[in-house]
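Contents: one structure, followed by commentary.
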Amino acid sequence: MTAGEGGPLIRLEGVEKKFGSFRALRGVDVEVARGEVVVVIGPSGSGKSTLIRCINGLEKHDGGTVTVDGTTIHNTSDLAEVRREVGMVFQQFNLFPEMTVLRNVTLAPMRVRHATRKMAEDIARRLLDRVGILEQANKYPEELSGGQQQRVAIARALAMEPKVMLFDEPTSALDPEMINEVLDVMKDLAAQGMTMIVVTHEMGFAREVADRVLFMDGGRVVETGTPEHFFQDPTEDRTKLFLSKILRH
Amino acid sequence: MSNVVTPAILHALLKGAVLSVELSLLTYGLALLFGLIAALMRRSGTLVVRGLARFYIELFRGTPALVQIFFAYFATPQIFTWLNRLVFEPLSGGRVLLPPHLSPFAAAVLALSLGYGAYLAEVIRAGIESIHKGQAEAAASLGLSGRDIMRFVVIPPAVRLMIPPFGNYALALLKDSSLASTISVVELTLSTERAISYNYQPAMMWAAAAVIYLALSMVGSFLFSYLEVVADPLRRRRRRPMTRLAATDEEVGG
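In order, the protein sequence lines correspond to chains A and B.
Just so we're aligned: the first sequence equals residues 130 to 378 in this note's numbering.
Just so we're aligned: the second sequence equals residues 14 to 267 in this note's numbering.
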């Protein structure tokens, strides 16, 4: 059965993931509504990245169910369908170094959606303009700064017209002066109604943009709530401890 | 001097050099094919297939090229006789399918290509494995199929990394082709030896052979340097005239 338009876009139920004997996710339940921006925070090793990597099957979950827009991931054809709807941005950008910026953005629409080169390039130029790097379209990734590369990566993911965007610590590998140019693009995206799940340590972004903050520790979702609730009046001791550590300065 | 370097001797050296090049090129082509097959087999999900590839690579990397050449030339007649008698004759109703022996040239190509295939298999495997896993993940997250990920994302940068070691082995192979002289392939080394038995000028003749090998190596070396430039998108673009660059920038802006 497919979920109606009113149902959650993403539903994780009792999701388990093990790496050898290490339990990275211990029965995680998360729902994300259409248009919602969820920021996932937590100490390293808490399962934040694993959680979003299970949503597009970069990690295969060992238990529970992952459902995206009514498609539950059972086999590779489900996975292919989900991946067409889910865009992802990585900490290390992961652009294709042999291709120009433009080709990085047009590859997937041409190969997966079978767009013509003309169509794909029109879309790519529009998206590169939107993230402010149209003038770099014919350069190669290594000629760009980290911030520019990450904006290309965002454009590349958007070119597939995804229903949801996953961000896995998108600013953690950037020099400080480049963080804002990437966060600005993400804010813009949120303002236009994109559904987003963002793993980040940028608490300012969480406060300003998130509809909901999700705190993870030890492979579990410990606490979830609005940014106001979360930063001013957290319920759980572990949340308080984590916040006291990161918000001290 | 004229009785020392006769046209016949020059002609013999030239013919030898041509045969060395032919032997090396043919062998290298086959070695690439064997290397590719073995590298793909090493990445197989089936243990037996992986094991076979591993066995092949270890066997040929672990034995001297000269032994492999002797085996291919001197041992195959005996083995072919057994195979004809035990396998092919009963199966084909008395017809002998394998030749009594391999020609010296064929034996040298077979032995050297299997030997170099083992080395190239490792170059290809290392090249593929050196590609950052993140790029394949990014491609997968965009919905690209496994085949497209290999074709567009993994192989192009991997091939670029393989070019320098490919070049090393090509030059090594050119020099190892002289081993074929031991089984009477009249390539450059053996034609030099024979020429010396006519003119009794070992110093001059071996120096001449060395110079010819060196010249051929340098051609190969330049060729692979050029391939490195061609395969590197940034360096390739710098070679383009500036007018072309300006034109493409304009196209994008417009």
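Where is the CB? At the ideal position from N, CA and C, for every residue including glycine.
One question on the structure: do residue i and residue j come within less than 7 Å of each other, judged by their Cβ atoms?
| i | j | result |
| --- | --- | --- |
| V281 (chain A) | V230 (chain A) | yes |
| T353 (chain A) | E165 (chain A) | no |
| I283 (chain A) | V218 (chain A) | yes |
| E200 (chain B) | G29 (chain B) | yes |
| G147 (chain B) | Q221 (chain A) | yes |
| V169 (chain A) | C183 (chain A) | no |
| A183 (chain B) | G128 (chain B) | no |
| P137 (chain A) | A153 (chain A) | no |
| T89 (chain B) | L115 (chain B) | yes |
Take the Cβ of residue i as the centre, count every other Cβ of all protein chains shown within 10 Å, and call the residue buried at 16 or more, exposed below.
| i | result |
| --- | --- |
| V166 (chain B) | buried |
| Q265 (chain A) | buried |
| P299 (chain A) | buried |
| F344 (chain A) | buried |
| M175 (chain B) | buried |
| F87 (chain B) | exposed |
| L258 (chain B) | In this prediction, L258 (chain B) has a pLDDT of 45, which is less than 50 and means its spatial position is unreliable; nothing more can be read from the coordinates. |
| L141 (chain A) | buried |
| G143 (chain A) | exposed |
| G267 (chain B) | Because the pLDDT at G267 (chain B) is just 32, under 50, the model does not fix this residue reliably, and the point stays unresolved. |
| E306 (chain A) | exposed |
| H80 (chain A) | Since the first residue of chain A shown is 130 and the last is 378, residue 80 (chain A) is not available in this structure. |
| F359 (chain A) | buried |
| N204 (chain A) | exposed |
| K146 (chain A) | buried |
Name the residue from the options whose alpha carbon lies nearest to the alpha carbon of residue i.
| i | options | result |
| --- | --- | --- |
| P291 (chain A) | A:G174, A:D191, A:E214 and A:G192 | A:E214 |
| Q81 (chain B) | B:L39, B:A183, B:I225 and B:P117 | B:P117 |
| F148 (chain A) | A:E160, A:A249 and A:G176 | A:G176 |
| L72 (chain B) | B:V243, B:R249, B:A131 and B:M218 | B:A131 |
| L26 (chain B) | B:N212, B:V243, B:T76 and B:L133 | B:N212 |
| V159 (chain A) | A:K189, A:V342 and A:F360 | A:V342 |
| A78 (chain B) | B:S194, B:G106, B:E102 and B:A139 | B:S194 |
| G107 (chain B) | B:R98, B:S238, B:P113 and B:H114 | B:R98 |
| S154 (chain B) | A:I139, A:M294, A:T200 and A:S301 | A:M294 |
| N223 (chain A) | B:L104, B:R74, B:V109 and B:A151 | B:A151 |
| F83 (chain B) | B:F93, B:F101, B:R138 and B:A121 | B:A121 |
| F151 (chain A) | A:G186, A:D191 and A:N185 | A:D191 |
Look at the alpha carbon of residue i and the alpha carbon of residue j, and state the distance between them as a whole number of angstroms.
| i | j | result |
| --- | --- | --- |
| T355 (chain A) | F334 (chain A) | 13 Å |
| S274 (chain A) | A149 (chain B) | 22 Å |
| A208 (chain B) | D189 (chain B) | 20 Å |
| M130 (chain A) | D198 (chain A) | Low confidence applies to M130 (chain A): its pLDDT is 42, below 50, so where it sits in the model is not reliable, and the reading given next is rough at best. Between M130 (chain A) and D198 (chain A), the C-alpha separation is close to 11 Å. |
| G322 (chain A) | I308 (chain A) | 22 Å |
| I375 (chain A) | D362 (chain A) | 16 Å |
| D297 (chain A) | L36 (chain B) | 53 Å |
| L125 (chain B) | Y41 (chain B) | 8 Å |
| H24 (chain B) | M217 (chain B) | 16 Å |
| V31 (chain B) | L247 (chain B) | 36 Å |
| K369 (chain A) | I181 (chain A) | 24 Å |
| S373 (chain A) | V260 (chain A) | 34 Å |
| L240 (chain B) | T179 (chain A) | 41 Å |
| V211 (chain A) | V234 (chain A) | 19 Å |
| E365 (chain A) | G174 (chain A) | 19 Å |
Enumerate in chain order the residues of its own chain whose CB-to-CB distance from residue i is below 7 Å, with the five nearest sequence positions on each side excluded.
| i | result |
| --- | --- |
| L96 (chain B) | L111 |
| V62 (chain B) | M54 |
| D262 (chain B) | Since pLDDT at D262 (chain B) reaches only 42, below the 50 mark, its modelled position is unreliable, and no value is offered. |
| R336 (chain A) | P356 and F360 |
Any beta carbon from chain C within less than 7 Å of residue i's own beta carbon?
| i | result |
| --- | --- |
| E298 (chain A) | Considering every chain present, this structure includes no chain C. Its protein chains are A and B. |
Among residues of its own chain, excluding the 5 on either side of residue i, which ones have a beta-carbon nearer than 8 Å to its beta-carbon?
| i | result |
| --- | --- |
| M248 (chain A) | P238 |
| I141 (chain B) | A52, R56, V167, I168 and A171 |
| S197 (chain B) | P117 and L203 |
| V224 (chain B) | none |
Between residue i and the rest of its own chain, which residues show a CB-CB distance below 6 Å, the 5 nearest in sequence each way excluded?
| i | result |
| --- | --- |
| A134 (chain B) | G48, A51, A52 and I70 |
| R155 (chain A) | G348 and R349 |
| S191 (chain B) | T202 |
| M14 (chain B) | Low confidence applies to M14 (chain B): its pLDDT is 48, below 50, so where it sits in the model is not reliable, and the reading given next is rough at best. Around M14 (chain B): no qualifying Cβ. |
| V327 (chain A) | V168 and F296 |
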